[in-house]
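Colleague:
Residue numbers (the UniProt record's numbering), protein chains in the order written: chain A, 1 to 128; chain X, 1 to 153.
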């Protein structure tokens, strides 16, 4: 068996797994009840699903410059999507769009309380 | 004319490997696999679009837009893999670069609006006390309650 055939089959399997993760994220986005829970579903295709699809595409393309471009795409995706998730989650917490009984651990409440004790002006400025 | 006819096949074998891999990916099994993956991505995009339309708050729509960008990026990657061309890879690069700016802007806007106090459900900002902020969020979150109850069963 040729190594190109192995790479083709592996790329197909990777892309199939990535597509399944995207579909799972879609189902989770529809069914999950909360902004934070939907963010949990949203991270699946953003990081792992997209990485699997890019890996499969690299295994099918098999040229060095395309592999470098795909590596850059994966790197920037892994760098930027946590920033967006962080800010969206913080905004969701601050605007009260979550069920506080569902939280297992709430570390931001203690931090906000400490910040409010220090100075109320400093608290909204650090929303960023 | 005969010379030009012979020159064009001579110019073609510059990329025999590309032609060979394209022929290998035209095998029926790979075509069926690519069609299945495209169907999965299409279903995922439709579900995410449903959340984008139905999402009760702006943050839901921001998250849905992020997922939609990720699904579109996966589709572009699949298409460039199937066609064997690197033509769309810069599009992937730009999307991975700038795909997060929309939701960051929306989140920042929501936070600033909560700071200004023009939002009705933003109360944890004014008091700085999340436990005291949760009771007023019950009437404020009243119109958003059908969302979770529709989703849970």
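Ideal Cβ placement from N, Cα and C applies to all residues, glycine included.
1. Beta-carbon of residue 66(A) versus every beta-carbon of chain X: anything under 8 angstroms?
2. For chain A, check one thing: does any of its Cβ atoms lie closer than 8 angstroms to the Cβ of residue 53(X)?
3. Put residue 36(X) into one of helix, strand or coil per three-state DSSP.
4. Report, in whole angstroms, the separation of the C-beta atoms of residue 38(A) and residue 49(A), which I expect to be a contact under 8 angstroms.
5. Cβ of residue 78(X) within 8 angstroms of Cβ of residue 15(A)?
6. For residue 78(A), I'd like the list of residues in its chain whose CB is within less than 7 angstroms of its CB, leaving aside the five on either flank, ordered along the chain.
7. Could you name the residues of chain X that residue 104(A) contacts, counting a contact when the two beta carbons are closer than 7 angstroms?
8. Using a Cβ distance threshold of 8 angstroms, determine whether the segment 93-107 of chain A contacts the segment 66-82 of chain A, with at least three qualifying pairs required.
9. Once the 5 residues before and after residue 22(A) are set aside, which same chain residues still bring their CB inside 6 angstroms of it?
10. For chain X, is any of its Cβ atoms less than 8 angstroms away from the one on residue 91(A)?
11. Within 8 angstroms of any Cβ in chain A, is that where the Cβ of residue 72(X) sits?
Modeller: To lay it out plainly:
1. yes
2. no
3. helix
4. Their Cβ separation, rounded to whole angstroms, is 16 angstroms, which puts residue 38(A) and residue 49(A) out of contact at 8 angstroms.
5. yes
6. 47
7. What residue 104(A) touches in chain X: nothing, since even the nearest Cβ is about 15 angstroms away.
8. no
9. 45 and 49
10. yes
11. no
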